[in-house]
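In my numbering, the protein residues as written are 1178 to 1295.
What follows is the structure, encoded as structure tokens:
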């Protein structure tokens, strides 16, 4: 039970941060144009990595589905309830790209951690 909790806690933390930032009434201030795409990409990179750390059998397609659903939910919430925010399909794309990069980082980290046959 404790081991499962240690895997779920980072996933829960990153998910809460993504939902909190994505569904806040005011967007994060931008210092350069399209900075929000960078925020989406980095946030979903972290989400993709901890998602696979918690559920390693999920794989690339499964993590893209879960990450895509979360990105769509955030954008739908912005469109439905937050008049000061703008929903964008490019934000979903940036989130999916971030999940893919998170998968790639997870794969690299697990390959290095695995012992090599001799």
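Where a beta carbon is used, it is the ideal one built from N, C-alpha and C, also for glycine.
Below 8 Å, can you find three or more Cβ-Cβ pairs linking the stretch 1276-1285 to the stretch 1217-1229?
yes
So residue 1187 is in the alpha helix (DSSP H); what residue range does that whole segment cover?
1179-1199
N-terminal and C-terminal residue of the alpha helix (DSSP H) that residue 1250 is part of:
Run containing residue 1250: 1236-1258, per the alpha helix (DSSP H) assignment.
Judging by CA-CA distance, which residue of 1229, 1208, 1211, 1220 is the nearest neighbour of residue 1184?
1229
Hey, would you say residue 1252 sits closer than 8 Å to residue 1265, going by beta carbons?
yes
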